[in-house]
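A quick write-up on the structure given underneath.
2 protein chains.
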Amino acid sequence: MITRKTVTSSVVEILREKIISHEIEAGTPLRQNALADELNVSRIPVREALLQLEAEGLVEFAPHRGAVATKISVDEVSELFGLRAILECDVLGYALDRITEEDLEIAQLILEEFDELLKPGADRYAWGSLNWKFHRSLYLPSGRKRTLGLIRQLHTNCDRYLRIQIQLVADFSRAEEEHHELLRLCWARDKRGAKKLLKTHILTTGRGLIRAFKPVA
Amino acid sequence: MITRKTVTSSVVEILREKIISHEIEAGTPLRQNALADELNVSRIPVREALLQLEAEGLVEFAPHRGAVATKISVDEVSELFGLRAILECDVLGYALDRITEEDLEIAQLILEEFDELLKPGADRYAWGSLNWKFHRSLYLPSGRKRTLGLIRQLHTNCDRYLRIQIQLVADFSRAEEEHHELLRLCWARDKRGAKKLLKTHILTTGRGLIRAFKPVA
DNA sequence: TGGTGGAATACTGTATACGATTTTAGTATA
DNA sequence: TATACTAAAATCGTATACAGTATTCCACCA
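Chains as they are written, first to last, in the working numbering: chain A, 52 to 268; chain B, 52 to 268.
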């Protein structure tokens, strides 16, 4: 099946990536004309893209004053990770009631892709999307799509701040180990153990980020 | 301060109300031309409004096929109330650490407005927004704006399904009592008690709705 | 010098217009 | 009758154009 791409959706992807990667810095006003010219499109799809990004929390609108890439405080980062911990543990509980062997094997495959990233020279920026892919694969069997939608947004936002400090290799490899352990607990259908590990996994990642972040802020 | 209203924001409000009130039924295709003509605006603000409503979960877009008012299943309703229970209890915990007497007095005033609604002849449709106002007033001191944003969305969606059955007067008055009790526990800064009550408050409301909903679905 | 008013500028918000895609209806064919 | 194809209509997506609002800059005055 071919997926018809609208201009708007392309613009969303481009701008999202630019904001997450800090090519567009937090606080930068996003001029519709400038973006439209740069991307060779009209302002309409740019506006619509900005609206979607506002819903994702990456951009803020002020009437007649335009959009600005959101600034985020240390408090907010910790709030985001706190929310992730709560929602992801909850959804994991439901998922473990229904997860199949095939589901677990898919998760396993994603983890193997992950291992590639730890090798030197790998594109470390792929980490965020792969991380989301892995987590999602464990939550998907829950069938709770509203929750998944919220978690997806939270990941997007967390990603953005994870990329502030690219030298978190140590954290990456620790996260990797935790992923393997988490998957093992899922195979064992150990709901309590898996939830507990997931909670600390998310919260320690968050704390690591905040530590790296504090000196800057 | 005067708030400059854009056409788009007005359209958002109108359509949101129409969807929540079921004047626009779930599953209805939302034709941009028809809406634009009806509201005497061009299609641009209509499109932008629909995009925002999509972010709120009231509408679904399919490329080149337009927007449809989302249909929701019983499972999803219960998911929504489950999410509310988790997130609102969490945020209430943080709020109680910081809530002031003034905050509590504001909540008290809202509850008094509430009492008016139980009198016969009152506009029962105001229930949803007032309910949100009350809950929000208790959560606001937490300062967790991301969480509040998510909860706000959940309330909007729950409201929509609360209005399916308008004859929930019995539930309304029970909810009223629970609100008073909740506020009392907040005055006492009884975090554990307040969280526990809030959880059952939300979940029983959800279950009541689902009971009234089941025969239809 | 510091502050106020107002025109010029820049930018956003919305309408209109056009091109692309999907849906519908009708016709031909097996 | 059922299916496949085609043309027309309906609808969406995007470009262009215009209108309205915010910002900037400079002249003027205390």
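Just so it is clear, CB atoms sit at the ideal spot from N, CA and C, and this is done for glycine as well.
These figures come from a predicted structure and were not determined experimentally.
Original post:
Mind pulling the chain B residues with CB within less than 9 Å of A106 of chain A?
Top reply: Against chain B, the beta carbon of A106 of chain A has neighbours under 9 Å at L102, Q103, E105, A106, E107, listed in chain order.
Subject >> Same chain, Cβ closer than 7 Å to I123 of chain B, neighbours up to 5 away in sequence not counted >> reply: Within its own chain, the residues whose Cβ lies closer than 7 Å to the Cβ of I123 of chain B, once the five positions on either side in sequence are excluded, are A77, Y212, listed in chain order.
**OP:** Could you tell me whether the Cβ of I53 of chain B comes closer than 8 Å to any Cβ of chain A?
**Re:** Here the model assigns I53 of chain B a pLDDT of 47, short of 50, so the residue's position is not dependable, and the following value carries that caveat. I53 of chain B does not count as touching chain A.
Subject >> Identity of the residues DSSP links to F112 of chain A by a beta bridge >> reply: Note: F112 of chain A sits in a beta bridge opposite A:A118.
Original post:
Would the beta-carbon of V125 of chain A fall within 8 Å of that of I261 of chain A?
Top reply: Cβ atoms of V125 of chain A and I261 of chain A: closer than 8 Å.
**OP:** Answer with yes or no whether the minimum CB distance from T198 of chain A to chain B is below 8 Å.
**Re:** Yes, its Cβ sits closer than 8 Å to a Cβ of chain B.
Subject >> Neighbouring residues, chain A, relative to R195 of chain B (Cβ below 7 Å) >> reply: Correct list: E130.
Original post:
In this structure, what does DSSP give as the bridge partners for P80 of chain A?
Top reply: Per DSSP, A:V119.
Original post:
Which two residues bound the contiguous alpha helix (DSSP H) that contains G133 of chain B?
Top reply: Annotation for G133 of chain B: the continuous alpha helix (DSSP H) segment containing it runs 125–149.
Original post:
Nearest CA to the CA of Y190 of chain B: which residue from B:I70, B:E107, B:R243, B:D154?
Top reply: With distances taken between Cα atoms, Y190 of chain B lies closest to B:D154.
**OP:** Output yes or no for whether 8 Å exceeds the beta carbon distance between L33 of chain B and E139 of chain B.
**Re:** Since the first residue shown for chain B is 52 and the last is 268, residue 33 of chain B is missing from the structure and cannot be characterised.
Subject >> E111 of chain B versus W183 of chain A: straight-line alpha-carbon distance, rounded >> reply: Rounded to whole angstroms, E111 of chain B to W183 of chain A spans 23 Å at the Cα level.
Subject >> Assigned exposure category for I53 of chain A - 16 Cβ within 10 Å defines buried >> reply: Here I53 of chain A scores only 44 on pLDDT, less than 50, and its place in the model should not be relied on; the value that follows carries that caveat. Per the 10 Å Cβ criterion, exposed.
Subject >> Alpha carbon of S224 of chain A to alpha carbon of T57 of chain B, nearest angstrom >> reply: If you take the alpha carbons of S224 of chain A and T57 of chain B, they lie about 49 Å apart.
Original post:
If you compare alpha carbons, which of A:R94, A:R243, A:P192, A:E167 is closest to V62 of chain A?
Top reply: Selected option, being the one with the closest Cα: A:R94.
**OP:** Following the continuous alpha helix (DSSP H) through P192 of chain B, name the residue where it begins and the one where it ends.
**Re:** Looking at the DSSP string, P192 of chain B is not in any alpha helix (DSSP H), and its letter there is neither H nor E.
Original post:
With E209 of chain B and R98 of chain B assumed to form a contact (beta carbons below 8 Å), what rounded beta-carbon distance in angstroms separates them?
Top reply: A quick correction: the sequence has Cys, not Glu, at residue 209 of chain B. 26 Å between Cβ atoms; not a contact.
Subject >> C-beta neighbour in chain A for D141 of chain B, strict 8 Å >> reply: True, the Cβ-Cβ gap to chain A drops below 8 Å.
Original post:
Counting only beta-carbon atoms, is I137 of chain B nearer than 8 Å to chain A?
Top reply: It does: the Cβ of I137 of chain B has a partner Cβ on chain A nearer than 8 Å.
Original post:
Does DSSP classify A226 of chain A as helix, strand or coil?
Top reply: In this structure, A226 of chain A counts as helix in the three-state DSSP scheme.
Original post:
Is L66 of chain A close to chain B, meaning its C-beta is less than 8 Å from at least one C-beta of that chain?
Top reply: At least 8 Å separates the CB of L66 of chain A from every CB of chain B.
**OP:** Measure from the alpha carbon of A107 of chain B to the alpha carbon of each residue in B:E228, B:H206, B:S188, then state which is nearest.
**Re:** What sits at residue 107 of chain B in the sequence shown is Glu, not Ala. Among B:E228, B:H206, B:S188, the Cα nearest to that of E107 of chain B is on B:H206.
Original post:
With 16 other CB atoms within 10 Å as the buried threshold, where does A100 of chain A fall?
Top reply: Here A100 of chain A is buried, its C-beta having at least 16 other C-beta atoms within 10 Å.
Subject >> Assigned exposure category for H231 of chain B - 16 Cβ within 10 Å defines buried >> reply: Its Cβ having fewer than 16 others within 10 Å, H231 of chain B is exposed.
Subject >> Reference R197 of chain A, options B:K170, B:E130, B:L90, B:Y145, closest by Cα >> reply: Comparing C-alpha distances from R197 of chain A to each of B:K170, B:E130, B:L90, B:Y145 shows the shortest one belongs to B:E130.
Subject >> Spatially closest choice to I41 of chain A from A:L104, A:P114, A:L168, by CA coordinates >> reply: As shown, chain A starts at 52 and ends at 268. That puts residue 41 of chain A outside it, with no answer to give.
Original post:
List, in order along the chain, the chain A residues whose C-beta lies closer than 8 Å to that of L248 of chain B?
Top reply: For L248 of chain B, no chain A residue has a C-beta closer than 8 Å to its own C-beta; the minimum C-beta separation is roughly 19 Å.
**OP:** Output the distance between the C-alpha atoms of H195 of chain A and F132 of chain B, rounded to the nearest integer angstrom.
**Re:** Reading the sequence as shown, one finds Arg at residue 195 of chain A and not His. One alpha carbon belongs to R195 of chain A, the other to F132 of chain B, and they sit about 12 Å apart.
Original post:
Cα separation between V142 of chain A and R187 of chain A?
Top reply: When only Cα atoms are considered, V142 of chain A and R187 of chain A end up about 10 Å apart.
**OP:** Determine, using beta carbons only, whether L81 of chain A and V119 of chain A come nearer to each other than 8 Å.
**Re:** Between L81 of chain A and V119 of chain A, the gap from beta carbon to beta carbon is short of 8 Å.
**OP:** Determine the extent of the alpha helix (DSSP H) in which P171 of chain A is found, giving its start and end residues.
**Re:** Annotation for P171 of chain A: no alpha helix (DSSP H) segment contains it, and DSSP assigns it neither H nor E.
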